[in-house]
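**Student:** Before I ask anything, let me first share the structure, which is written out below as structure tokens.
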Amino acid sequence: MKITILGSGGSAGVPMVGGDEGENTGIWGKCDPHNPRNRRTRASIVIEYQGFRLLVDASPDFRTQMLNAGFSKVDAIFCTHPHSDHIGGLDELRAVNRQIKKYLPLYGTETTLEEIKKRCAYAFRPHAPDRFPWPSFDLMPVKEGQTLKIGPLKLSVLRQEHGGYFSNGLRIGNFAYSTDVTAFPEESEKMLFGLKCWLIGCFQEKDHPSHASLEDVFRWKEAFHPEKIILTHMGHKLDYETLKNSLPKDIIPGWDGMSFDVPYDL
């Protein structure tokens, strides 16, 4: 099973819009603007197995991310929650509809799918079967705690606390993806043991009201003992090289375009 990080940045990306104009326009914070691994688009991943591609979240940077990764299509989408940095690229999926000539299965909780229907109402209007003038989805509701198959992938849906909101993590075999999380309910904690690789959203070093910090990651490492942790959804206060040189060998900062294999052990 192959994982590709399409985007490794927080809701505003790195650099954030603003700051001085010129060669390195934007707000870089502690990130070195000369290191390309500090240039982060909004968080999203693709999971590939047996020729099947599952997109997890469609960020506002989806088009650029797909082109940079060399991907022309995906086979299904899972949305972890309906915040703009995770669904803002859904409109771009019409290009994928036209490529595969059919509706795309879109998975998420009822809450997530209802919000998507409100914000992207135009995407659910009927159209001629041979044309895709707008993105077109088959909505596939899931329940938290559920185990289901999407294509050849068997995955479990975790409930996660996201500040005053909730998001969903995924466990597939010995791999888990947890972004936009501050804590795990007890029923989700049981699903986080025995991981070979855990891709975790980590926004900054110290506590944040709606995102995990490095302190949280260290605490979860001691609690759940994953073999490896890769960081994503990072903000402008986390410099790639600084993280790489200061973290333990089993915690790695991710970057846009990073890909890695995880054994698909059920």
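Using the numbering used here, read the sequence shown as starting at 502 and increasing by one per residue.
Even for Gly, the Cβ is constructed at its ideal location relative to N, Cα and C.
(1) Please classify S760: is it buried, with 16 or more other beta-carbons within 10 angstroms of its beta-carbon, or exposed?
(2) Leaving out the 5 sequence neighbours to the left and right, which residues in its chain are closer than 6 Å to M502 when beta-carbon positions are compared?
(3) Measure the Cβ-Cβ separation of E645 and N669 and say whether it is below 8 Å.
(4) I'd like to know whether the C-beta atoms of H663 and K531 end up nearer to each other than 8 Å.
(5) Alpha carbon to alpha carbon, how far is T610 from L591? Give it in angstroms, no decimals.
(6) What residues are listed by DSSP as bridge partners for H734?
(7) With Q661 as the anchor, note down where its beta strand (DSSP E) starts and where it stops.
(8) State the CB to CB distance for the pair L555 and I651, rounded to an integer number of angstroms; the pair is presumed to be in contact (CB under 8 Å).
(9) Just checking my contact of T505 with I546 at CB under 8 Å: how many whole Å lie between their CB atoms?
(10) Extract the residue ranges of the alpha helix (DSSP H) inside the stretch 572–603, only unbroken runs of 4 or more that lie entirely within it.
(11) Alpha carbons only, please: which of N536, A624, F676, N598 is nearest the one belonging to I548?
(12) For the structure I just gave you, are there three or more beta carbon pairs, one from the stretch 570–580 and one from the stretch 528–542, closer than 8 Å?
(13) Can you grab the Cα-Cα spacing for the pair G491 / N598, in whole Å?
(14) Taking D762 as part of the alpha helix (DSSP H), name the residues at either end of that continuous run.
(15) On the DSSP bridge assignment, give the partners of S545 in chain order.
**Tutor:** Result, derived from the coordinates:
(1) The sequence position of residue 760 within the sequence shown is 259, counting from 1. Around the CB of S760, fewer than 16 other CB atoms lie within 10 Å, so the residue is classed as exposed.
(2) Within the sequence shown, numbered from 1, the residue matching residue 502 stands at position 1. Excluding sequence neighbours, M502 sits near Y550, V763, Y765.
(3) Translated into positions along the sequence shown, residue 645 becomes position 144. Translated into positions along the sequence shown, residue 669 becomes position 168. Judged by beta-carbon spacing, N669 lies within the 8 Å limit of E645, meaning their Cβ atoms are closer than that value.
(4) For this step, residue 663 is matched to residue 162 along the sequence shown. For this step, residue 531 is matched to residue 30 along the sequence shown. Going by C-beta atoms, H663 is not nearer than 8 Å to K531.
(5) Translated into positions along the sequence shown, residue 591 becomes position 90. Translated into positions along the sequence shown, residue 610 becomes position 109. T610 has its alpha-carbon roughly 16 Å from the corresponding atom of L591.
(6) As a working mapping, residue 734 is identified with position 233 in the sequence shown. Note: H734 sits in no beta bridge, so no partner.
(7) For the purposes of this step, residue 661 is taken as residue 160 along the sequence shown, with counting starting at 1. Counting along the chain, the beta strand (DSSP E) containing Q661 begins and ends at 654–663.
(8) As a working mapping, residue 555 is identified with position 54 in the sequence shown. As a working mapping, residue 651 is identified with position 150 in the sequence shown. Confirmed, Cβ separation roughly 6 Å.
(9) Within the sequence shown, numbered from 1, the residue matching residue 505 stands at position 4. Within the sequence shown, numbered from 1, the residue matching residue 546 stands at position 45. With 8 Å as the limit, T505 and I546 qualify as a contact, their Cβ atoms being about 6 Å apart.
(10) Taking 4 residues as the shortest admissible run, the stretch 572–603 contains the following complete alpha helix (DSSP H) segments, listed from N- to C-terminal end: 585–588, 595–601.
(11) Locating residue 548 in the sequence shown gives position 47, where the first residue counts as 1. Taking only the C-alpha atoms, the option nearest I548 is F676.
(12) Output reads no: the stretch 528–542 does not touch the stretch 570–580.
(13) There is no way to answer for residue 491, as the model of the chain reaches only from 502 to 767.
(14) Position 261 of the sequence shown, counting from 1, holds the residue named residue 762. For D762, there is no enclosing alpha helix (DSSP H); the residue is part of the beta strand (DSSP E) that begins and ends at 760–762.
(15) Taking the sequence shown and counting its residues from 1, the one referred to as residue 545 is at position 44. Per the DSSP secondary-structure output, S545 pairs in a beta bridge with G508.
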